[in-house]
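Following the working numbering, the numbering of the sequence shown begins with 2 at its first residue and continues without gaps.
Each residue gets a CB set at the ideal place from its N, CA and C atoms; glycine is no exception.
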Amino acid sequence: TIMQATPLNIQFRRVLVGNRWEAWLHLVRRLMEVQLQHQPDQLCWKLTRSGHFTVKSMYIDVINSSVIPNSKHVWKVKVPLKIKVFMWFVHKQVILTKDNLVKRNWTGSTRCSFYDRDEAIKHIFFECPLAKILWRSVQIAFNITPPSSVGSLFGTWLDGIES
């Protein structure tokens with residue numbers, strides 16, 4: 002098993018007491034049951050019969066799980082599904098911008114590659130001069146006032162263009 006191959010020499014920064022200690026023991030017992038195979042790992046997407054990821058299967062799962070109470074506007078906009086998923090990621094602020102990568106222990110520069118400012122969703126989509134040029138183009142082409150934040154994008158702004 003995996004636990005027989007790896008010595009269990011772990012120290013915690015905090016003492017585990019009560020439910021946390023019980024949860025730790027439960028996890029160790031579960032890990033001791035894992036049998037590793039001598040074959041390459043295979044990724045399997047559980048939401049499709051084929052085991053392959055599709056945006057459609059993720060969309061159906063998200064819709065059915067009612068995880069999106071404040072992002073209903075995203076799913077009503079008449080754009081391709083992959084754009085809706087991307088917009089939903091922006092709404093949830095989980096796009097892998099440099100500030101989000103740092104939260105995952107990434108050690109690279111946090112600065113925007115173009116304008117040497119901290120790279121975050123707000124900067125990339127609203128404050129970066131490149132984003133401002135893009136939004137200005139949308140404004141000129143469609144006579145739509147561009148959003149100024151993620152909140153306004155998914156609030157009043159999408160209300161005006163969803164039909």
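_Using the three-state DSSP reduction, which class does R14 fall into: helix, strand or coil?_
Counting from one through the sequence shown, the residue named residue 14 turns up at place 13. Coil.
*Would DSSP call D119 helix, strand or coil?*
By one-based count along the sequence shown, residue 119 stands at place 118. Correct three-state label for D119: strand.
_Residue of K99, H74, L102 minimising C-alpha distance to W89_ = Counting from 1 along the sequence shown, the entry for residue 89 is found at position 88. Checked all of K99, H74, L102; the closest Cα to W89 is H74.
*Would you kindly work out how many angstroms separate the C-alpha atoms of T2 and W25, rounded to a whole number?*
Position 1 of the sequence shown, counting from 1, holds the residue named residue 2. Position 24 of the sequence shown, counting from 1, holds the residue named residue 25. Since pLDDT at T2 reaches only 48, below the 50 mark, its modelled position is unreliable, and the value read off the structure follows with that caveat. Approximately 18 Å between the Cα atoms of the pair.
*Helix, strand or coil: which one does DSSP assign to R31?*
Taking the sequence shown and counting its residues from 1, the one referred to as residue 31 is at position 30. Three-state result, R31: helix.
*asked:* Just to confirm my understanding: we take H92, look at its own chain, exclude 5 residues before and 5 after, and list those with CB closer than 7 Å. What are they?
replied: Here residue 92 corresponds to residue number 91 of the sequence shown, with the count starting at 1. Once the five neighbours on either side are set aside, the close Cβ partners of H92 are S72, V75, V151, F155.
*Give the range of the alpha helix (DSSP H) segment to which F87 is assigned.*
Working through the sequence shown from its first residue, we reach residue 87 at position 86. First-last of the alpha helix (DSSP H) with F87: 82-93.
*Flag this pair as yes or no: are the beta carbons of I119 and K104 separated by less than 9 Å?*
In the sequence shown, counting from the first residue as 1, residue 119 sits at position 118. In the sequence shown, counting from the first residue as 1, residue 104 sits at position 103. Per the sequence shown, residue 119 should be read as Asp rather than Ile. It is not a contact, given that the beta carbons lie outside the stated cut-off.
*asked:* Within 10 Å of its beta-carbon, does K83 have 16 or more other beta-carbons around it, so buried, or fewer, so exposed?
replied: If you number the sequence shown from 1, residue 83 lands on position 82. Exposed, by the Cβ-count rule.
*Nearest residue (CA-CA) to F126, options P148, F143, N106*: Counted from its first residue, the sequence shown places residue 126 at position 125. Ranking the options by Cα distance to F126, first place goes to P148.
*Closest by CA to Y116, which one among C129, Y60, A142, L48?*
Stepping through the sequence shown from its first residue, residue 116 is reached at position 115. Cα-wise, what sits closest to Y116 is C129.
*Check whether the Cβ atoms of L48 and I61 sit closer than 9 Å, and answer yes or no.*
Taking the sequence shown and counting its residues from 1, the one referred to as residue 48 is at position 47. Taking the sequence shown and counting its residues from 1, the one referred to as residue 61 is at position 60. Yes, Cβ-Cβ distance for L48 and I61 is below 9 Å.
_Burial state of A121 (16 or more Cβ within 10 Å)_ = Counted from its first residue, the sequence shown places residue 121 at position 120. So A121 ends up on the buried side.
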